[in-house]
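Novice: Counted from 1, the sequence shown has number 300 at position 68 by the numbering used here; the numbering is strictly sequential. Glycine included, C-beta positions come from ideal geometry on N, C-alpha and C. Structure provided below as structure tokens; questions to follow.
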Amino acid sequence: MKADALVHSDILGYLPPSILGSVESHFIELGAEAVSEKIREWSSDAERNQPYVKSYDVWGRRYDYDRLITAEGWKQLGNWGARRRVVSSGYDSSLGSQRRTVQYAL
């Protein structure tokens, strides 16, 4: 995050120092991973292979429920986001009233 001074100064304007201190290392790690070759490959795969809904099997029979078919890139990005707490940070009570701001910054 400190590599991008503008982003750092913007976040400083919204998060109190106590909260920023507790999440800053997470921001830095997440940012470094987000520009990695692995994430780039998953993103590229997800863009090339958009999700779709499959309602029928190969014999033309309707499934009991529609199936959302996603490419490996979508699955890996979803797992990565879950491991890095991208969504769950918005529900982290230790962040108090700043939890949604932290979630947005992620």
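(1) May I ask which residues mark the beginning and end of the alpha helix (DSSP H) holding residue 325?
(2) Do residue 277 and residue 340 count as a contact pair if the criterion is CB distance below 8 Å?
(3) Give the range of the beta strand (DSSP E) segment to which residue 300 is assigned.
(4) Is it the case that the region 290-306 contacts the region 320-332, given that we only count it when at least three CB pairs across the two stretches are under 8 Å?
(5) Whole angstroms are fine: how far does the CA of residue 322 sit from the CA of residue 253?
Specialist: Inspection of the coordinates gives the following:
(1) On the sequence shown, position 93 is the one that residue 325 refers to. Per DSSP, residue 325 belongs to no alpha helix (DSSP H) and is neither H nor E.
(2) Outside the displayed range of the chain (233 to 338) lies residue 340, so it cannot be described from this structure.
(3) Taking the first residue of the sequence shown as position 1, residue 300 is located at position 68. Note, residue 300: beta strand (DSSP E), 294-301.
(4) no
(5) Numbered from its first residue, the sequence shown carries residue 253 at position 21. Numbered from its first residue, the sequence shown carries residue 322 at position 90. Each residue's alpha carbon lies about 17 Å from the other.
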